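*Asks:*
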Amino acid sequence: GTSGGSIVAGFLAQRTDEELLRDVCVDTISTCLPERWFPPLHEQVASFIQHGFLVKSTDFEACARAYFGDMTFEEGYLRTGRHVNISIASSTRGGQGGASVLLNHITTPNVLIYSAVAASCSLPGIMRA
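Heads up: the sequence shown runs through residues 1 to 129, numbered per UniProt numbering.
(1) With which residues is residue 176 paired in a DSSP beta bridge?
(2) For G5 and S120, what's the separation of their Cα atoms in angstroms?
(3) Rounded C-beta distance between L103 and N85? I'm assuming under 8 Å.
(4) Use the C-beta contact count for I7: other C-beta atoms within 10 angstroms, 16 or more gives buried, fewer gives exposed.
(5) Okay, do the region 10-26 and the region 50-70 touch, 3+ Cβ pairs below 8 Å being the bar?
(6) Let me check understanding here. Comparing Cα to Cα, which of Y114, S3, F53 and L123 lies closest to E61?
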């Protein structure tokens, strides 16, 4: 989906082929990265029961920032030459979708990649704003 895909797109947007092979495409990827996207399962379940969401958006955003730093789409493009898109959409509590926005180095060159990833992954029931 677009949420998990935005995480992959974030890595592609700012890392060279060599960096991807060295740092991301490794057998130990699930255990070697320093930050967790989500808390342990028992904490997610408790949070959902108590508050109606799995993870605080501020915690998820901090994780995204730890991985992607403050690089913009334009900076990523200049570094890698890749045309990377991340889509975001608004939604309401009733589940009605809003307008979609396509973020990339052409339409939104100054948007920080980490913020695009966090916004794309922000789904009702998963995160609380």
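From the three backbone atoms N, C-alpha and C, an ideal C-beta is built for every residue, glycine too. These numbers come from a predicted model, not from an experiment.
*Replies:* Taking the geometry as given:
(1) Within the shown structure, residues of the chain are numbered from 1 to 129, placing residue 176 beyond reach of any answer.
(2) Sequence index remark: in the sequence shown, residue 5 carries index 5 (1-based). Sequence index remark: in the sequence shown, residue 120 carries index 120 (1-based). Answer to the nearest angstrom: the Cα atoms are 9 Å apart.
(3) The count along the sequence shown starts at 1 and reaches residue 103 at position 103. The count along the sequence shown starts at 1 and reaches residue 85 at position 85. The pair is a contact, with the Cβ atoms about 7 Å apart (cut-off 8 Å).
(4) On the sequence shown, position 7 is the one that residue 7 refers to. Label assigned to I7: buried.
(5) yes
(6) Along the sequence shown, read from residue 1 onward, the residue named residue 61 stands at position 61. Residue Y114 is the option with its Cα nearest to E61.
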